[in-house]
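Below: one structure, written as structure tokens.
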Amino acid sequence: MRYSNFFIPSLKEDPKEAVLKSHKLLLRAGYVRQLSGGIYTYLPLGLKSLRKLEEIIRQEMNSAGAVELSMPFVQPLEIWKESGRDEDYGKELLRFKDRQDRDFCLAPTYEEVITDLVKKNVKSYKELPLTLYQIHLKFRDEMRPRFGLMRAKEFIMKDAYSFDADEKGLDESYKKMKHAYENIFKRLGFDFKFIKAEAGEIGGNYSEELMVFSEYGEDKIVICNNCGYAASIDEAESVSDYNDSLVESCRQPRMTKLSTPDKKSIEEVAEYLKIDKTCFAKTIIYESEIGFIAALVRGDREINERKLKKAVKIKNLFLAKEQDVEKITGAPCGFAGPFGLKKQNGSVEVTDNSNSNNSTNILIVIDEEIKNSEYWITGANEKDWHMANVKHGRDFNFDISADIRSVQSGDKCVKCQGILDVKNAIELGHIFKLGEKYSKTLNAKFLDEKGESKYFVMGCYGIGVGRTLQTLVEVLSDENGINLPVSVSPFALAVVNLNLNDAKITEIAEKIYADLTSMGADVLYDDRKLSAGIKLKDIDLIGIPFKIVVGNRTVKENKYELEIKKDSSKESFDTLDALYSRVKQLIF
RNA sequence: CGGGAUGUGGCGCAGCUGGUAGCGCACCUGCUUUGGGAGCAGGGGGUCGCACGUUCGAAUCGUGUCAUCCCGACCA
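As structure tokens, this is what we get:
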């Protein structure tokens, strides 16, 4: 490909809308352009790269026995009503009407369509197992699209769906897909790990997320350096501490007030009182559909809101407004404690501490660690005061005790007592055992060997393809440009003609370009009449693994130069044949 | 949806104590250059996001609105 014929609108400066390195580079190198928030054009370079990535995925899916098809991006809302997900998906599902006033939506995913398709066309167990997949668009009306292709509204995904006669078959199909995923991500050179996860909107019984480690990842995952245990921060458990570091003075027969003028955060109070943060219990007031909730974790811990939601079995949870906190605790934020909490209307009703029949609508949820030890320092529910020797069962009662804290680096593993580490990661894939969730709601059945009607047992398997491309850029690039491996780079190598006005140089460059192209190499030939620096910088920016530079030096020294992007090394060859055989070795 | 920031030639920015718009890069023409974002000379391009208002006069002040980005709730 001649650069002069191609379309690579590169940018010299960072676009101001991008924050992430990979997002900046994709824009600067002319891979993508944003049309609207979360909606992108893949420019020729980006598309070439995307196609190569898709090809790797396709190969592994095919060799795992999956069969490709393509389903409609525009779907009748009817099938979403049938599955009940019309409401579950809420605003993420973009709805509209056609000219006949019928309801349609843009596909956020394809379980409904695939289940409907299989239901209508597969009748017998003899046709099972069956795994179908596609690579194409999805649209989710995200509340906050961001970071380029990482979280777009319109995005490209590979999704596969398996259909089996029973659970055992599903396990088998699931295993195959998981293995295919391992192959794909190994080929791409990622440092990744599967972690157990919540199924979320898709639903089902069991699911694992494929996480790639990166400091810019939006998710936090916990891994055990000893036994390999890994889970998302919302699922991971650590050994509950027994807090024996409590100072002896805290073990008192009754609560004792401590003056803490103007000290609100645990940090400030701990510093002021010269007492370790682990001796404190943090009381946070939340609001939910069942009323207010007071949640307690140790002073050095963070509450994990997902765990809290799960423990209380609620859907909505957000921090109570400051004025509500004042009404409930009787003190400004920063001085809350678990005792004597009042109803939100500020009535005189007080938590009944003497029996478990809680008369208040404030639910008290404590972390296991709070339960494990007895004497805590908390807020005193009075401005500028904290309270020591606070004991559950004596000074306050709790409604629920559960693991509601986030694991921190350094905690102990529940499996092996090893040390846990919290790392940032990006979710690139998610695989689910759906079971009969969709086949039941959509009434998709087949006949088994006894002639009995049975629901399909399903699995589904996704890879965010655009996100994977951007993650490769994020992980592999530096400030000079993108650095993709040959397998996904838009071009395998570049031939740079440094001076179009020099007949000799041009003759050599043209010959190399023609020879390599006829060898089957995907070559970008920079034949632009621009200064040398611009051309070299552009090639670096767009990230072509190998670069052959033809200039004065080539002619003078009669040597051919190959530059390897990965480590910036240079190799020199006396003859074209030597150069070509090296190139063959590198790119095929 | 809540909190914050920003909208000025293609891109990045300045101008914002009101007086009719400027810089760098890019672009066009010519000549000279070509091993790491070249030089000289000439040139084109902006109803200052949009609307309403204040004013003799608005990029500048006020209100509203839209867009983009960041933080939170959600997810591949």
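Position 418, counted from 1, in the first sequence is what my numbering calls 464; the numbers after and before it change by one each time, with no gaps.
Each residue gets a CB set at the ideal place from its N, CA and C atoms; glycine is no exception.
For residue 237, I'd like the list of residues in its chain whose CB is within less than 7 Å of its CB, leaving aside the five on either flank, ordered along the chain.
By 1-based counting over the first sequence, the position of residue 237 is 191. Counting only Cβ-Cβ distances below 7 Å, and skipping sequence neighbours, we find 258 and 259.
Ranges of the beta strand (DSSP E) found wholly within the stretch 143 to 178, counting only runs of at least 3:
149 to 152
Leaving out five residues before and five after residue 604 in sequence, what residues of the same chain have Cβ atoms less than 8 Å from its Cβ?
As a working note, residue 604 is residue 558 in the first sequence. Closer than 8 Å at Cβ, skipping near neighbours: 620.
Beta carbon of residue 510 nearer than 9 Å to that of residue 588:
Residue 510 sits at position 464 when you count from the first residue of the first sequence. Residue 588 sits at position 542 when you count from the first residue of the first sequence. The answer is no: Cβ separation not under 9 Å.
Output the residue ranges of the alpha helix (DSSP H) runs that lie fully inside the stretch 497 to 567 and measure 4 residues or longer, sorted by chain position.
511 to 522 and 549 to 564
Which of helix, strand or coil DSSP assigns to residue 231:
Position 185 of the first sequence holds residue 231. DSSP places residue 231 in helix when its eight states are reduced to three.
Looking at C-beta atoms only, is the number of pairs between the stretch 329 to 337 and the stretch 298 to 308 that lie closer than 8 Å three or more?
no
State the DSSP-derived secondary structure class of residue 354, mapped to helix, strand or coil.
Taking the first residue of the first sequence as position 1, residue 354 is located at position 308. Here residue 354 sits in helix by DSSP.
So, is residue 48 buried or exposed, given that buried needs 16 or more other C-beta atoms within 10 angstroms?
Position 2 of the first sequence, counted from the first residue, corresponds to residue 48. Under this definition residue 48 is an exposed residue.
Whose CA, out of 137, 139, 242 and 565, lies closest to the CA of residue 282?
In the first sequence, residue 282 corresponds to position 236, counting from 1. When only C-alpha atoms are compared, the closest one is 242.
Using a threshold of 9 Å, state whether the C-beta atoms of residue 503 and residue 450 are closer than that.
As a first step, residue 503 must be located in the first sequence, where it is residue number 457. As a first step, residue 450 must be located in the first sequence, where it is residue number 404. In this structure, residue 450 does not lie closer than 9 Å to residue 503 by Cβ.
Where the beta strand (DSSP E) containing residue 90 begins and where it ends
Mapped onto the first sequence, residue 90 falls at position 44. Looking at the DSSP string, residue 90 is not in any beta strand (DSSP E); the run it does join, the alpha helix (DSSP H), is 90 to 109.
Let's see if you can read the secondary structure: which residues bound the beta strand (DSSP E) around residue 327?
The residue you call residue 327 lines up with position 281 of the first sequence. First-last of the beta strand (DSSP E) with residue 327: 327 to 334.
Any idea if residue 214 is buried or exposed, counting beta-carbon neighbours within 10 angstroms, 16 or more meaning buried?
As a first step, residue 214 must be located in the first sequence, where it is residue number 168. The residue is exposed, with fewer than 16 neighbouring Cβ atoms inside 10 Å.
Through-space distance from residue 441 to residue 490, alpha-carbon basis:
By 1-based counting over the first sequence, the position of residue 490 is 444. By 1-based counting over the first sequence, the position of residue 441 is 395. Residue 490 and residue 441: Cα-Cα distance of roughly 56 Å.
Is the beta carbon of residue 561 closer than 9 Å to that of residue 626?
Taking the first residue of the first sequence as position 1, residue 626 is located at position 580. Taking the first residue of the first sequence as position 1, residue 561 is located at position 515. Yes, they are a contact pair.
Indicate whether residue 486 and residue 379 have their beta-carbon atoms separated by less than 9 Å.
On the first sequence, position 440 is the one that residue 486 refers to. On the first sequence, position 333 is the one that residue 379 refers to. Their beta carbons are not under 9 Å apart, which means residue 486 does not touch residue 379 by this criterion.
Exposed or buried, what is residue 549 when buried is set at 16 or more other beta-carbons lying within 10 Å of its beta-carbon?
The sequence position of residue 549 within the first sequence is 503, counting from 1. With fewer than 16 other Cβ atoms within 10 Å, it is exposed.
Contact belief for residue 443 with residue 286 at Cβ below 8 Å, rounded distance in angstroms
Translated into positions along the first sequence, residue 443 becomes position 397. Translated into positions along the first sequence, residue 286 becomes position 240. The Cβ separation is near 20 Å, so there is no contact.
Under three-state DSSP, which class holds residue 452?
Along the first sequence, one-based indexing puts residue 452 at 406. Coil.
Within the same chain, show all residues whose beta-carbon is closer than 8 Å to that of residue 458, passing over the 5 residues directly before and after it, in chain order.
By 1-based counting over the first sequence, the position of residue 458 is 412. So the list reads 284, 285, 464, 465 and 466, once near-sequence residues are dropped.
Expected contact under 8 Å - CB spacing of residue 534 and residue 595 to nearest Å
Indexing the first sequence from 1 puts residue 534 at position 488. Indexing the first sequence from 1 puts residue 595 at position 549. The beta carbons of residue 534 and residue 595 sit about 23 Å from each other, so the pair does not count as a contact at 8 Å.
Counting along the chain, where does the alpha helix (DSSP H) carrying residue 65 start and finish?
As a working note, residue 65 is residue 19 in the first sequence. Neither: residue 65 is in no alpha helix (DSSP H) and is coded neither H nor E.
Would you list the one or two residues that DSSP bridges to residue 615?
Numbered from 1 along the first sequence, position 569 holds the residue referred to as residue 615. Answer by DSSP bridge pairing, in chain order: 610.
Residue 337: first and last residue of the uninterrupted beta strand (DSSP E) it sits in:
As a first step, residue 337 is located in the first sequence; it is residue number 291 there, counting from the start. Element bounds for residue 337: 337 to 344.
With a floor of 4 residues, list each alpha helix (DSSP H) that falls wholly inside the stretch 426 to 450, ordered by position along the chain.
none
From 74, 618 and 455, pick the residue whose C-alpha is nearest to that of residue 276; which is it?
As a working note, residue 276 is residue 230 in the first sequence. If we check each option's Cα against that of residue 276, 455 comes out closest.
Which of the three DSSP states, helix, strand or coil, is assigned to residue 579?
The sequence position of residue 579 within the first sequence is 533, counting from 1. Here DSSP, grouped into helix, strand and coil, assigns residue 579 to helix.
Does the pairing of the stretch 171 to 191 with the stretch 47 to 62 give three or more beta-carbon distances under 8 Å?
The answer is no - the stretch 47 to 62 does not touch the stretch 171 to 191, with fewer than three Cβ pairs under 8 Å.
Classify residue 457 as helix, strand or coil using the three-state DSSP reduction.
For the purposes of this step, residue 457 is identified with residue 411 of the first sequence, where counting begins at 1. It is coil, neither helix nor strand.
Within 8 Å: the Cβ of residue 126 and any heavy atom of the ligand GDP?
For the ligand GDP, the structure offers nothing, since it holds no ligand at all.
Looking only at C-alpha atoms, which of 416, 512 and 545 sits nearest to residue 97?
Taking the first sequence and counting its residues from 1, one reaches residue 97 at position 51. Residue 512 is the option with its Cα nearest to residue 97.
Give me the Cβ distance between residue 159 and residue 107, rounded to the nearest whole Å; I'm assuming they're in contact under 8 Å.
Counting from one through the first sequence, the residue named residue 159 turns up at place 113. Counting from one through the first sequence, the residue named residue 107 turns up at place 61. Contact between residue 159 and residue 107 does not hold, since the beta-carbon distance rounds to 18 Å and is not under 8 Å.
DSSP on residue 217, reduced to helix/strand/coil?
Within the first sequence, the letter at position 171 stands for residue 217. If DSSP states are grouped into helix, strand and coil, residue 217 belongs with the helices.
State the Cα-Cα distance for the pair residue 133 and residue 299, rounded to the nearest angstrom.
Locating residue 133 in the first sequence gives position 87, counting from the first residue. Locating residue 299 in the first sequence gives position 253, counting from the first residue. Between residue 133 and residue 299, the C-alpha separation is close to 54 Å.
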